[in-house]
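*Asks:* Numbering (my numbering), first residue to last: -1 to 906.
Right, I'll just put the structure down here and ask away after.
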Ligand code: PEP
Ligand code: MG
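Following this line, the structure appears as structure tokens:
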């Protein structure tokens, strides 16, 4: 731990820089950086993130050594600003703001105008030559301090404010007269006295200590904890606290405050983008109290400040080599920069910006690849409304298109309702006056978000984009009545539960449920739109092409149908990593034959039934191979327990009982047939079917099934070979636990291959491998590798069996575990590196020792999870296989881990 806890930034002294995010937090590090490169930043100091845990350890107290450093830096600030904290004539006012290493927008606390009391207010008023302004600052301080420092719910202050505005008949805060503000201050103070039994503190040092303490404490408020869980931010990082000289955007008409992006965060277009409010303080913009004015207006209203803003923000983008999200304040036409950070953006914008920055020569392709979160690519595949359907629905309101994508759902008015309804399997749209960090659980449960107030950088907009949820915000026509659970938009009245549709790309709101249709990229991939007609598709393919040039891991797809295979290929899959043959049997026409096969009493009967399935299976494989044009295709032999193909036991019993009640005699034949089926169902039923008669155990006890599947595979290959198509089949055996099991299945498959090759006089190149999905196989990987030409980790079953946790049933307590941090991740989503992962590592090493050229992949759902892809790369797998739609995500993740490794190598 370092000895220094407080870092100053000001004109002649800057103690931090952008690289010090660990100890200064993002905001502190960037304030120091901006001050360092000569941008107009109000001076101040940052208390390091290390103090956050020291504070908690000391029982929520600022340790004495830190206190001394705060005092030293406060004096330094006083000297620099030529003002004095608490001086009745020339008071220094400061802001106290949180700032963690990773941005957590709106999750923690802020207090502005600190240092005001009944005496210093006179000094401020006199210096400003305007008492109204000083009163406005004071009422803001008491409000924020009451909420943050004294933990009085902010709604209580808001209610008083609303009443006052109503009483004096004004709409906006800035219209409140001096007298009204004075009364407001008295009302606020009465509230504080009533709630805490104490007066609002007049001692400015006490104000400062309480505000700093409140910010440190806010690291552990429930919404900050939830946010960290959702965004995988470790709990022990802590927040820094930034104390900075106040500049005033509420200093009359030539003052303003705003936020913006150096490029459009929704589309990625290169334009200064954002909004501001005249005569306001920072919190007003993000809180969505007034709908702000677009930044383009500033050019007309205050051309010199706008020009300066453009120059500084351009400089910031070049300096940071990335799109910046900035905050600024203009006090009497003078511009100050209050924050800069990398701008959060939609998936669509992320790709466009990354490609544009390369083409503008600002970043390299490798740097561009690191700028996009792999999961953000999912957003490009979001559905849009079907144009024809959309035209049939009336637009009831229009707001700001804050987060792209189309969503339809039933109207709910609170975050809790959203969560509750989602649990009942409903789709909902959360409709709010504005959202706040307290709503994130509801936003996460909704299809989309609609708000009445707020701009493009309001909470709903920022969080919507981050979650990849469509959002329409600042929809001024909306009149919400939260109590009656109804909202009005023009003449339309929408009650709770009624369907609405929102278009986060155009900002339109519709009554009713509009069908969605696939995104532009999906349309191209499906061949329904020409690539030349989709700019975003061109960006997407260019970007992923760069990823392919870098990555080491192969990326395949789990697909069973030619249609999916086509999509997988278009998304860049380099083969099929898993074709689950059982899916092919569930089709209506085939089910009777499968049933017949299961009900057969003799081998001969079974063979006969299987021979009826053979042509279907051959056609399946033919289609799949053909579509994959010579890329390897891994076909897995039948895996699930046979009872999955039969009706449920209870259903059969009911059906028989009903037939017997009806007319037993007439139904005799049918009853007999069903009773036979019931007997078979009973015989096949198992308490733990996932641990029973499935996988290779089926193929061993019913070799005819494997014979049929192998025949279908090799017949299909021969046909394609005759058509001069390239085919490379890999046959994979599921649920293998011992080398003998694999040897048994291999023998059958090799025999069939010989027969088919002999019949057709064609030489077939193929390989036989196994899933590694039960611990015994992983442990004895060296033995298994003597038989297997390749391994593919079935991490769904492997996780299930290593944890002793059902992949289908465990969800109830799992949700509790995750919510309470007992487990950090869901092991069925992200590979559990220290358990399942260790065994995988072991199996790779042992397997390759026995067979050096052993090919190893993964085909569990983890193959599409970026963090698991990183892990697979690190342990030396050859490829990952995931659903067709996750292929782009896996390609990017595979490129990123290669680059990260290269970077780490350079640093060593
Ligand atoms: C697995 O177990 O990881 C796997 C891919 O097989 P399935 O999900 O079909 O059991
Ligand atoms: Mg499995």
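Heads up, the beta-carbon is just placed ideally off N, CA and C, and yes, glycines get one too.
Please classify residue 414: is it buried, with 16 or more other beta-carbons within 10 angstroms of its beta-carbon, or exposed?
*Replies:* Exposed: under 16 other Cβ atoms inside 10 Å.
*Asks:* According to DSSP, is residue 335 helix, strand or coil?
*Replies:* Residue 335 falls in the strand class under three-state DSSP.
*Asks:* Using the rule of at least 16 other Cβ atoms within 10 Å of the residue's Cβ for burial, across every protein chain shown, is residue 451 buried or exposed?
*Replies:* Buried, because 16 or more other Cβ atoms sit within 10 Å of the Cβ of residue 451.
*Asks:* Residues bridged to residue 96 by DSSP?
*Replies:* Paired residues: 239.
*Asks:* Using CA atoms only, rank isn't needed, just tell me which of 680, 448, 239, 386 is closest to residue 642.
*Replies:* Looking at the Cα atoms, 680 is the closest of the given residues.
*Asks:* What number of angstroms, rounded off, separates the C-alpha of residue 770 from the C-alpha of residue 67?
*Replies:* In a straight line, the C-alpha of residue 770 is about 58 Å away from that of residue 67.
*Asks:* Look at the alpha carbon of residue 423 and the alpha carbon of residue 407, and state the distance between them as a whole number of angstroms.
*Replies:* Approximately 11 Å, taken between the alpha carbons.
*Asks:* What distance in whole Å lies between the Cβ atoms of residue 555 and residue 879, which are believed to be in contact at a cut-off of 8 Å?
*Replies:* About 6 Å separates the two Cβ atoms, so the contact holds.
*Asks:* With DSSP collapsed to three states, give me the class of residue 795.
*Replies:* Three-state result, residue 795: helix.
*Asks:* In its own chain, which residues sit with a C-beta less than 8 Å from the C-beta of residue -1, not counting the 5 before and 5 after it?
*Replies:* Bear in mind that a pLDDT of 47 at residue -1, under 50, signals an unreliable position, so the number given afterwards is only what the model happens to contain. 48, listed in sequence order.
*Asks:* In chain order, what residues have a CB nearer than 5 Å to some heavy atom of the ligand MG?
*Replies:* Those residues, listed in chain order, are 771, 792, 795.
*Asks:* If we ignore side chains and look at the alpha-carbon of each, how far apart do residue 291 and residue 253 end up?
*Replies:* Approximately 14 Å between the Cα atoms of the pair.
*Asks:* For residue 409, which beta-bridge partners are listed by DSSP?
*Replies:* Its beta-bridge partners are 427.
*Asks:* By Cβ distance below 7 Å, which residues in the same chain neighbour residue 538 in space, the five residues on each side in sequence not counted?
*Replies:* Closer than 7 Å at Cβ, skipping near neighbours: 349, 378, 519.
*Asks:* Using three-state DSSP, classify residue 880 as helix, strand or coil.
*Replies:* Strand.
*Asks:* Using a 10 Å radius around the Cβ and a threshold of 16 neighbouring Cβ atoms, would you call residue 666 buried or exposed?
*Replies:* Label assigned to residue 666: exposed.
*Asks:* Would you give the residue range spanned by the alpha helix (DSSP H) that residue 131 belongs to?
*Replies:* From DSSP, the alpha helix (DSSP H) with residue 131 extends over 129 to 146.
*Asks:* Specify, as a first and last residue, the run of the beta strand (DSSP E) that residue 329 falls within.
*Replies:* Run containing residue 329: 322 to 329, per the beta strand (DSSP E) assignment.
*Asks:* Expressed to the nearest angstrom, what Euclidean distance is found between the alpha-carbon atoms of residue 45 and residue 22?
*Replies:* Taking the straight line joining both Cα atoms gives about 7 Å.
*Asks:* So what does DSSP say about residue 853, is it helix, strand or coil?
*Replies:* In the structure shown, residue 853 sits in a strand (DSSP, three-state: E or B).
*Asks:* Going by DSSP, name the residue or residues bridged to residue 767.
*Replies:* In the DSSP output, where bridge partners are listed per residue, residue 767 has 730.
*Asks:* Per DSSP, which one or two residues make a beta bridge with residue 6?
*Replies:* DSSP, once it has assigned bridges, lists 43 as partnering residue 6.
*Asks:* Check each candidate in 659, 434, 507, 742 and name the one with the smallest Cα separation from residue 153.
*Replies:* Nearest of 659, 434, 507, 742 to residue 153, Cα basis: 434.
*Asks:* On the CB-based measure, 16 or more other CB atoms within 10 Å of its CB, does residue 17 come out buried or exposed?
*Replies:* Counting Cβ neighbours within 10 Å, residue 17 comes out exposed, since fewer than 16 surround it.
*Asks:* For residue 51, which of helix, strand or coil comes out of DSSP?
*Replies:* Looking at residue 51 - three-state DSSP - the assignment turns out to be helix.
*Asks:* I'd like to know if the segment 779 to 795 and the segment 709 to 719 are in contact, where contact means that at least 3 CB-CB pairs between them fall below 8 Å.
*Replies:* Taking 8 Å as the limit for Cβ pairs, the verdict is that the segment 709 to 719 does not touch the segment 779 to 795.
*Asks:* Check residue 896 in the structure and name its three-state DSSP category.
*Replies:* Helix at residue 896.
*Asks:* State the Cα-Cα distance for the pair residue 549 and residue 257, rounded to the nearest angstrom.
*Replies:* Whole-angstrom Cα-Cα distance: 37 Å.
*Asks:* Start and end of the alpha helix (DSSP H) containing residue 536?
*Replies:* Note, residue 536: alpha helix (DSSP H), 533 to 548.
*Asks:* If the criterion is Cβ atoms closer than 8 Å, does the pair residue 39 and residue 246 meet it?
*Replies:* No, the Cβ-Cβ distance between residue 39 and residue 246 is not below 8 Å.
*Asks:* Which runs of the alpha helix (DSSP H) at least 4 residues long sit entirely within the segment 268 to 300? Give them in chain order.
*Replies:* Listed in chain order, they are 280 to 285, 294 to 299.
*Asks:* Assuming residue 486 is part of the beta strand (DSSP E), what are its boundary residues?
*Replies:* Residues 484 to 487.
*Asks:* With DSSP as the reference, identify every bridge partner of residue 554, one or two as the case may be.
*Replies:* DSSP, once it has assigned bridges, lists 879 as partnering residue 554.
*Asks:* Less than 8 Å between the CB atoms is what I'm expecting for residue 488 and residue 475, so what's the real figure, rounded?
*Replies:* Right, their Cβ atoms sit about 6 Å apart.
*Asks:* Under 7 Å from any heavy atom of the ligand PEP, does the C-beta of residue 862 make it?
*Replies:* No, the ligand PEP has no heavy atom inside 7 Å of this Cβ.
*Asks:* Does the ligand PEP have a heavy atom nearer than 7 Å to the CB of residue 341?
*Replies:* Because no heavy atom of the ligand PEP lies under 7 Å away, the Cβ of residue 341 does not count as near it: no.
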